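What follows is a single structure, written as structure tokens, with notes after it.
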Amino acid sequence: MKNSDGQLYTIEGLAAALVMLLTAYFVINATSVYTAGDTHITDMQLEALGTDALRVMDANESRLTGSPLRNIISNVTFTDNQTFGTMFGNLINSRTGAAADHIQYSASYSYRDLGDNSMKSMFINASRNLSGGEHAVRATKWVIANVKGDGLPGDSSYIPGFSPPQNRSVLVEVLLWRD
Amino acid sequence: MTDDTGALSIDFLVGFTIFLLAFIWVASMIPGIMVGLQSYTIDYDAVAYRTGVILVEDPGWPVSPPWESFSDFQKSNMTRFGLAVSKDTPNILSQDKVNRFFCTTFVYPDDYHTRAIFGDYPYGFNISLKDAAGEYQSVGSITPLGYGTIRRIVKIKGPSNATIGTGNYAKYPSFYNKTENVTTHVFSFLIDNPRLLDDVKNPAYQIDPAREQLTINVTDLRATITDYPTAVPPIENMTSTIELVNVRVYKKEGALYSNVPLPASEYPFVNGSSTRVTSMPVPHTDNVTIKLTPYYFDLMKAQNCQIYLALGFNVTPPSTFLNNTQALPDFNNLDAKLTFENVNTTPFNYNYEVENVTQPHLRDAVLEVAVWSGGG
Amino acid sequence: MAGLNDDAQWIVLMGFLVSFSFFFLALVINQSTVVGQTTAESVIEFPKNDIRDTREIMIRSWDLGNYNTVNYNTVKEDIKIISKSRKNAVVKFDDRIWGNDMHFHYPLYYNNGVTEYYENWTSL
Chain Z
2 MKNSDGQLYT
12 IEGLAAALVM
22 LLTAYFVINA
32 TSVYTAGDTH
42 ITDMQLEALG
52 TDALRVMDAN
62 ESRLTGSPLR
72 NIISNVTFTD
82 NQTFGTMFGN
92 LINSRTGAAA
102 DHIQYSASYS
112 YRDLGDNSMK
122 SMFINASRNL
132 SGGEHAVRAT
142 KWVIANVKGD
152 GLPGDSSYIP
162 GFSPPQNRSV
172 LVEVLLWRD
Chain B
209 MTDDTGALSI
219 DFLVGFTIFL
229 LAFIWVASMI
239 PGIMVGLQSY
249 TIDYDAVAYR
259 TGVILVEDPG
269 WPVSPPWESF
279 SDFQKSNMTR
289 FGLAVSKDTP
299 NILSQDKVNR
309 FFCTTFVYPD
319 DYHTRAIFGD
329 YPYGFNISLK
339 DAAGEYQSVG
349 SITPLGYGTI
359 RRIVKIKGPS
369 NATIGTGNYA
379 KYPSFYNKTE
389 NVTTHVFSFL
399 IDNPRLLDDV
409 KNPAYQIDPA
419 REQLTINVTD
429 LRATITDYPT
439 AVPPIENMTS
449 TIELVNVRVY
459 KKEGALYSNV
469 PLPASEYPFV
479 NGSSTRVTSM
489 PVPHTDNVTI
499 KLTPYYFDLM
509 KAQNCQIYLA
519 LGFNVTPPST
529 FLNNTQALPD
539 FNNLDAKLTF
549 ENVNTTPFNY
559 NYEVENVTQP
569 HLRDAVLEVA
579 VWSGGG
Chain U
475 MAGLNDDAQW
485 IVLMGFLVSF
495 SFFFLALVIN
505 QSTVVGQTTA
515 ESVIEFPKND
525 IRDTREIMIR
535 SWDLGNYNTV
545 NYNTVKEDIK
555 IISKSRKNAV
565 VKFDDRIWGN
575 DMHFHYPLYY
585 NNGVTEYYEN
595 WTSL
């Protein structure tokens with residue numbers, strides 16, 4: 002006499018195993034997508050770092066000296082661009098431990114064209130060119146920089162369209178990312 | 209007739225084994241799911257961020273007198289550690305607060321946990337600071353694998369100081385060498401608190417004796433003795449004996465002067481020693497360093513008063529010496545009004561003159577906070 | 475199949491139980507990631523640094539604007555227009571007022587659509 006009772010436990014055990022494994026598969030798939038919290042945290046850290054660096058660069062060393070950031074913006078020449086790069090790069094990559102960090106940045110400033118009130122942007126310095134694939138965060142700092150009429154030609158050329166040279170408010174913007 | 213009792217038990221064993229294997233496999237996956245989002249990336253980073261903000265953007269509590277001025281016995285008065293110079297100057301840290309924060313007399317982790325980390329959970333943490341000169345300070349234990357962190361870029365406001373030496377004496381002899389050959393000489397300073405607080409309003413560059421330590425070095429004392437080898441006895445600056453008799457402090461409130469006792473914890477440093485003298489007079493003095501702590505200024509409530517400091521010296525044999533104060537010979541019973549409101553008294557003014565006083569200077573530094581699961 | 479007995483169904487039941495508990499566990503884990511996301515997002519989205527920076531530049535604009543009314547107006551206009559286009563924030567920025575209390579007053583206003591900030595700043 003044939004009896005199928007013999008296979009019942011095996012079949013039900015297989016079914017239970019299948020159900021559990023499928024659930025585990027779905028659950029793992031579903032949760033591993035949610036890594037957004039992590040990237041937000043690194044964004045937050047980068048932004049704090051960039052804002053700090055700009056703020057520190059805008060602070061005078063003593064009552065008698067000017068703000069380095071303001072000086073750089075006041076006359077953006079090639080050397081000043083490099084000064085910005087060195088200062089900013091050192092600040093954001095410095096750590097209390099021995100090894101320095103590797104954060105990339107690209108800095109520019111926005112200003113208003115007095116002619117048609119449109120926004121113009123002036124490149125300052127970058128540690129690496131943005132290729133578009135980076136996940137970058139932005140840090141900004143207001144600077145009132147002068148083109149304080151020292152009468153030299155070309156004084157106002159970096160913010161075209163206004164004369165006589167005078168103080169202008171510009172927004173320094175830095176994109177930061179890790180690669 | 210077949211007996212199927214045996215077959216059933218084999219069937220049960222196979223089915224239950226398959227179930228158990230699957231269960232064990234699935235259960236072993238649970239930690240795997242957790243690894244991807246271990247809580248340090250969430251909670252520890254947020255706690256580190258909070259601690260970073262408290263330390264870098266907040267002056268701590270209480271503000272006046274500042275928390276860093278309390279001694280270890282008064283620790284209960286410190287509510288919150290904050291290193292910023294003021295709440296309007298984020299990222300600019302006070303040197304005195306930094307020194308107090310990293311001093312070794314605090315208990316790790318309890319003292320820090322309740323005042324900088326907060327929360328009921330026993331976090332482990334490490335807070336470190338390195339300035340541009342490479343000076344490294346830290347508190348906490350070694351960071352394990354997997355911790356939350358934040359890095360803040362800051363400036364540290366160094367204290368002001370003044371050094372009086374041959375340079376000053378040569379440049380303005382009439383301000384520093386006023387008398388003829390006498391034994392008792394008095395050299396005085398003026399710390400004009402109302403002016404100091406009014407002339408520069410930005411706390412980042414202000415000299416505020418009630419917030420930051422103030423240092424005055426008086427050096428090259430022997431150079432102020434004019435040699436007179438033919439006198440009897442002969443005067444030679446290398447052999448003269450210079451005795452620091454006392455340091456007297458006067459507070460001017462309105463038009464009234466009052467003598468403020470100088471506690472032993474504020475006694476001067478003499479001859480380059482790294483510890484304060486324990487008693488005065490000091491028989492052999494070549495140079496004097498006065499370091500006044502903010503606590504002292506808080507104690508005598510001097511924020512709105514002028515403070516006069518008078519250093520009394522005895523020189524043998526009688527000779528010229530560092531002297532800018534016309535005082536009665538009895539130094540220990542100085543009449544402040546007669547002494548300081550006197551055309552012949554020109555106290556050294558501790559102020560914003562770059563020539564006299566090294567102004568507060570900001571230097572770059574980086575602060576890192578690491579937080580992890582503590583308790584072990 | 476009438477002859478089948480259902481003695482073995484408890485194994486399937488246990489399988490279901492384990493699966494359900496797994497799902498609930500997944501729900502809890504998902505919540506925790508959301509917590510991390512909102513913590514970091516609120517730090518990024520609350521424009522603390524923007525407000526602080528804008529406030530500071532507004533207060534200092536007179537001094538930095540060369541103490542000159544024409545220049546000051548240019549700087550003011552710069553701040554308003556750049557704020558709007560680069561930060562999507564409306565900044566209202568009135569002339570400073572010399573009050574009866576012998577101090578300057580600046581009414582400052584900042585709004586980026588989510589966060590609004592108003593302050594009547596008084597000079598020292």
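Chains as they are written, first to last, in our numbering: chain Z, 2 to 180; chain B, 209 to 584; chain U, 475 to 598. Cβ atoms here follow ideal geometry from the backbone N, Cα and C, with glycine treated the same way. Treat the numbers as computed from the prediction; the structure is a model and nothing was measured.
As assigned by DSSP and simplified to three states, the class of residue i
i, result
"U:Q505", "helix"
"Z:E48", "helix"
"U:Y580", "strand"
"Z:M58", "helix"
"U:K561", "helix"
"B:P330", "coil"
"B:P402", "helix"
"B:M508", "coil"
"B:D339", "strand"
"Z:P154", "With a pLDDT of 40 at Z:P154, under the threshold of 50, the predicted position of this residue should be treated as unreliable, though the coordinate-derived value follows. Coil, per DSSP."
"B:L530", "coil"
"B:L221", "helix"
"Z:G86", "helix"
"B:G373", "coil"
"B:F477", "strand"
"U:S493", "helix"
"B:T497", "strand"
"Z:R113", "strand"
"B:Y295", "What sits at residue 295 of chain B in the sequence shown is Lys, not Tyr. Coil, per DSSP."
"U:F549", "It should be noted that the sequence gives Val, not Phe, for residue 549 of chain U. In this structure, U:V549 counts as helix in the three-state DSSP scheme."
CB contact below 7 Å: residue i versus chain B
i, result
"Z:L92", "yes"
"Z:Y26", "no"
"Z:I104", "no"
"Z:I42", "yes"
"Z:L153", "For Z:L153, the predicted structure reports a pLDDT of 40, less than 50, and the residue's modelled location is therefore unreliable. The matter cannot be settled from this model."
"U:L582", "no"
"Z:M21", "yes"
Rounded straight-line distance, which links the Cα of residue j to that of residue i
i, j, result
"B:T351", "U:M532", "42 Å"
"U:F504", "B:A235", "Per the sequence shown, residue 504 of chain U should be read as Asn rather than Phe. Distance between the alpha carbons of U:N504 and B:A235: 18 Å."
"B:V362", "B:F310", "16 Å"
"B:I415", "Z:L131", "45 Å"
"Z:D53", "Z:G134", "25 Å"
"B:S527", "B:Y558", "27 Å"
"Z:L15", "U:M488", "12 Å"
"B:Y384", "B:L546", "19 Å"
"B:N410", "B:Y436", "50 Å"
"B:I450", "B:R571", "38 Å"
"U:N547", "U:D527", "19 Å"
"B:V390", "B:H492", "18 Å"
Chain Z within 7 Å of residue i, Cβ atoms only
i, result
"U:A476", "Low confidence applies to U:A476: its pLDDT is 47, below 50, so where it sits in the model is not reliable, and the reading given next is rough at best. It does not: the Cβ of U:A476 has no partner Cβ on chain Z nearer than 7 Å."
"U:D527", "yes"
"U:I533", "no"
"U:A482", "yes"
"U:N586", "no"
"B:F333", "no"
"U:E515", "yes"
"U:N594", "no"
Residue-level contact to chain U via CB, residue i, 7 Å cutoff
i, result
"B:K409", "yes"
Heavy atom of the ligand SAM within 6 Å of residue i beta-carbon
i, result
"Z:T80", "For the structure depicted, the ligand SAM is absent and the ligand set is empty, with no information on it obtainable."
Residues bridged to residue i (per DSSP)
i, result
"Z:T108", "The question names Thr, yet the displayed sequence has Ala at residue 108 of chain Z. In DSSP, Z:A108 forms a bridge with Z:N126 and Z:V175."
"B:E576", "B:S336 and B:R359"
"B:H393", "B:F521"
"B:N557", "B:L398"
"B:S466", "B:K459"
"Z:M120", "Z:R113"
What are the residues of the segment 551-567 of chain U that lie near chain B, defined by any Cβ-Cβ distance shorter than 9 Å? Flagged: no residues at all.
Chain-ordered residues of the segment 226-240 of chain B with a beta carbon less than 8 Å from chain Z: Among the residues of the segment 226-240 of chain B, those with a Cβ less than 8 Å away from any Cβ of chain Z are I226, F227, L229, A230, F231, W233, V234, M237 and G240, in the order of the chain.
Along the segment 52-65 of chain Z, what residues have a CB closer than 7 Å to any CB found in chain U? Under the 7 Å Cβ criterion, the segment 52-65 of chain Z contributes T52.
What residues in the segment 499-520 of chain B bring their beta carbon closer than 7 Å to a beta carbon of chain Z? Answer set for the segment 499-520 of chain B: empty.
When Cβ atoms are compared, which residues of the segment 484-501 of chain U fall closer than 8 Å to chain B? So the list reads I485, M488, G489, V492, F496, L499 and A500, given in the order they occur along the chain.
For the segment 409-436 of chain B, list every residue whose C-beta sits within 8 Å of some C-beta in chain Z, in sequence order. Per Cβ criterion, the list reads N410, A412 and Y413.
Selection of the segment 342-373 of chain B by Cβ proximity to chain U, strictly under 9 Å: Using a CB distance below 9 Å, no part of the segment 342-373 of chain B faces chain U.
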